[in-house]
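When the letters of the sequence shown are read in order and numbered with the working numbering, they come out as residues -4 to 194. Since the structure comes first, as structure tokens, the remarks are kept for the end.
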Amino acid sequence: MYQRSRKVLIFLVIIFLAIKIANAVMVVMQMVQTSGEEFVLSGTYQCIVSSAGDALFLSSMTWMLSTVWEVLALCLAVWIAVKHFRELRQHSTNNIIGDCFTVLMQTHVSYFASYFAVSCFHFGLFSPTLSADPYSLEYQIYVGLTQIFQVAQMFVLGPRLILSIREYNAKLVADSDTATAMTSIAFQERVHVSTGSSV
């Protein structure tokens, strides 16, 4: 993602640490303001968790900061795709557009689209009309769908993104190794070795 640039790597590390430290502080502040009660109703145990203060605001801020990080990652992915497209165009191969968009589709689009969907679901939770009655069936279904999509995004699409990028880079290395080997074989065929008469 950082194209072996030291400045970009330092920038990414600083932004990543700042966002993650701010998120950790906000989560701790949110947990301090959260309390729970246990009720026994007709022989069943019911737990009710309540948040005081600005816990809803802190929760939305953690998602906003995480979304900023993902948008930054999306911008870098698009930058790499454009750079890759320009490199392929300079080499003028037949399958320029297919190769570029295949790489982009396989590695990035599904992940960022799922993150966008999960973020929209999370930001929808902060709407006053939806969160007015947190015990309603509609709210509980909405929260359940949000959690399902979030788990799928974190544990399926995130690792798939990493593995497909590694697979593509391994393929590029393998292709460059075979091209290098072919060049060296062709170079060695044309080498003339002079032999002296004093053998």
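Using N, Cα and C, we set each Cβ at its ideal position, and we do this for glycine too.
Asked: Close Cβ partners of residue 134 (< 8 angstroms) along its chain, the five nearest in sequence each way excluded; Found: 125, 126, 128
Asked: C-beta contact flag for residue 109 and residue 142 at 8 angstroms; Found: no
Asked: Alpha-carbon spacing of residue 119 relative to residue 136, whole angstroms; Found: 13 angstroms
Asked: Inter-residue CB distance, residue 58 and residue 114 (contact presumed, cutoff 8 angstroms); Found: 7 angstroms
Asked: Beta-carbon proximity of residue 152 to residue 105, cut-off 8 angstroms; Found: yes
Asked: Straight-line Cα distance separating residue 14 from residue 2; Found: 18 angstroms
Asked: Pick from 8, 5, 103 that is closest to residue 161, judged by C-alpha positions; Found: 103
Asked: Those residues which DSSP pairs with residue 42 across a bridge; Found: 33
Asked: Residue 70 versus residue 31 - alpha carbon distance; Found: 41 angstroms
Asked: Of the residues 61, 42, 167, 35, the one placed nearest residue 19, counting alpha carbons only; Found: 61
Asked: Distance between beta carbons of residue 53 and residue 24, contact taken as under 8 angstroms; Found: 6 angstroms
Asked: Through-space distance from residue 150 to residue 144, alpha-carbon basis; Found: 10 angstroms
Asked: Exposure label - residue 165; buried when at least 16 CB within 10 Å; Found: exposed
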